[in-house]
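Okay, structure first, notes after.
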Amino acid sequence: FWLFYLIFFLFQVKSCEFPQFKYGCLYYEEILRPNFPVSIGNKYSYKCDNGFSPPSGLFWDYLRCTVQGWEPEVPCVRTMEMPLSLCYNGYSLQNGQDTMTCTENGWSPPPKCIRISKTCGPPPPIDNGDITSLSLPEYEPLSSVDYQCQKYYLLKGNKTITCRNGKWSKPPTCLHACVIPENIMEAHNIILKWRHTEKIYAQAGEDIEFECKRGYQKARGSLPFRTKCINGTINYPTCV
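According to mature numbering (1 follows the signal peptide of the UniProt record, and there is no 0), the sequence shown holds residues -15 to -1, 1 to 225 in order.
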């Protein structure tokens, strides 16, 4: 019974004056200032200056009036981040932590680089293409190589592959070029509309345009004169 009255008395008599603290301020403090002193249990939001933060690490927090006074006792603590940390090839940052922070209690634990154990063998071969560098028997994790295609072949996909967890990422493919032989054009009674060389090659995806030989006309149901090289294949029109 007496304990109840003692607590009641403390809460009624005890109060908190306007909080004066370094490196920060209450939100709307000029508006709130006339309300002080305030009774135990009241709380007010506050923010810290640049380079400081509440002990919670949040952008803002609450200042609480307690029997012991304002809590937290030190509302704003100094914070400072070190430059980003990078690991050597074959290592990665543990838990993704790449900075350490200076606080009133000292430095936070530094980032750690842990070895990625799985290496990769030689890059996978691709048809009509090869890597641009000398192939090695073993590659460290996160190593990368580039591919290129032979002349007239078109590279499809990402030219760069990377070694991760002992496996290479998916290599690109080299789409076949098209050769346009004279005998096939002769059989269809067609010629190239735009001809620049004796032997014609077309890169995959490239447009090709034909026309009828002199004295011939487009056959009924013929494919269009304008066509495309699709991975080594051409659909030829016909003239009669």
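A virtual CB, placed ideally from N, CA and C, is assigned to each residue, including glycine.
Predicted, not measured: the structure shown is a model, and the values here were computed from it.
Contact set for Tyr186: own chain, Cβ-Cβ below 8 Å, skip 5 residues either direction: Excluding residues within five positions, the ones whose Cβ falls inside 8 Å are Tyr137, Ala162, Cys163, Val164 and Ile165.
Within its chain, find whatever has a CB closer than 7 Å to the CB of Lys198; leave out the 5 residues flanking it on each side and keep chain order. Result list for Lys198: Asn174, Ile175, Ile176 and Cys224, in chain order.
Candidates Ala172, Gly42, Pro19 and Phe3: which alpha carbon is nearest Val62's? When each option's Cα is compared against that of Val62, the closest is Gly42.
Start-to-end residues for the alpha helix (DSSP H) that takes in Ile219: Premise fails: Ile219 is in no alpha helix (DSSP H) and is neither H nor E.
Complete runs of the beta strand (DSSP E) confined to the stretch 185 to 219 [at least 3 residues]: Whole beta strand (DSSP E) segments, 3+ residues: 185 to 187, 192 to 197 and 211 to 213.
Could you say which of Lys144, Lys152 and Pro109 lies nearest to Leu127 if we only look at CA atoms? Ranking the options by Cα distance to Leu127, first place goes to Lys152.
Distance between Ser30 and Pro40 (C-alpha atoms, nearest Å): Here the alpha carbons of Ser30 and Pro40 stand approximately 14 Å from one another.
Alpha-carbon spacing of Thr104 relative to Ser154, whole angstroms: If I take the Cα positions, the gap works out to 13 Å.
Could you check which residue in Glu56, Tyr13 and Lys213 has the C-alpha nearest to that of Ile25? For Ile25, the nearest C-alpha among the options comes from Glu56.
Per DSSP, what kind of secondary structure is Gly9 in: helix, strand or coil? In this structure, Gly9 counts as strand in the three-state DSSP scheme.
Residues in the same chain with beta-carbon distance under 7 Å from Leu(-6), minus the five sequence neighbours each way, listed in chain order, please. Here Leu(-6) scores only 49 on pLDDT, less than 50, and its place in the model is too uncertain to base an answer on.
Which runs of the beta strand (DSSP E) spanning at least 3 residues fall entirely within the stretch 100 to 157, listed in chain order? Taking only runs of at least 3 residues, the beta strand (DSSP E) segments lying wholly in the stretch 100 to 157 are 114 to 116, 129 to 134, 139 to 141 and 145 to 149.
What residues in its chain sit with their C-beta under 7 Å from that of Phe3, if we drop five residues either side in the sequence? Excluding residues within five positions, the ones whose Cβ falls inside 7 Å are Arg18 and Phe21.
Which residues does DSSP list as the beta-bridge partners of Leu43? DSSP, once it has assigned bridges, lists no residue as partnering Leu43.
Based on the DSSP secondary-structure assignment, which residues constitute the bridge partners of Cys163? Cys163 pairs with Ala187.
Environment of Val59 [buried if 16+ CB atoms lie within 10 Å]: Counting Cβ neighbours within 10 Å, Val59 comes out exposed, since fewer than 16 surround it.
Three-state secondary structure assigned by DSSP to Leu17: For Leu17, the secondary structure class from DSSP, reduced to helix, strand or coil, is helix.
Under the assumption that Tyr8 contacts Phe37 (Cβ atoms under 8 Å), give the Cβ distance between them as a whole number of angstroms. Yes, they are in contact, since the Cβ atoms of Tyr8 and Phe37 sit about 4 Å apart, within 8 Å.
Taking its Cβ as the centre, do 16 or more other Cβ atoms sit within 10 Å of Asp46, making it buried, or is it exposed? With a 10 Å radius around the Cβ and a threshold of 16 neighbouring Cβ atoms, Asp46 comes out buried.
Who are Tyr73's beta bridge partners in DSSP? Tyr73 pairs with nothing; no bridge assigned.
To the nearest angstrom, how far is the alpha carbon of Lys141 from that of Tyr132? Each residue's Cα considered, the two are about 11 Å apart.
Which two residues bound the contiguous beta strand (DSSP E) that contains Lys178? Going by DSSP, Lys178 is part of no beta strand (DSSP E) at all; its letter is neither H nor E.
Cβ separation of Gly190 and Leu139, assumed to be a contact under 8 Å, to the nearest whole Å: In this structure Gly190 is in contact with Leu139, their Cβ atoms being roughly 6 Å apart against a cut-off of 8 Å.
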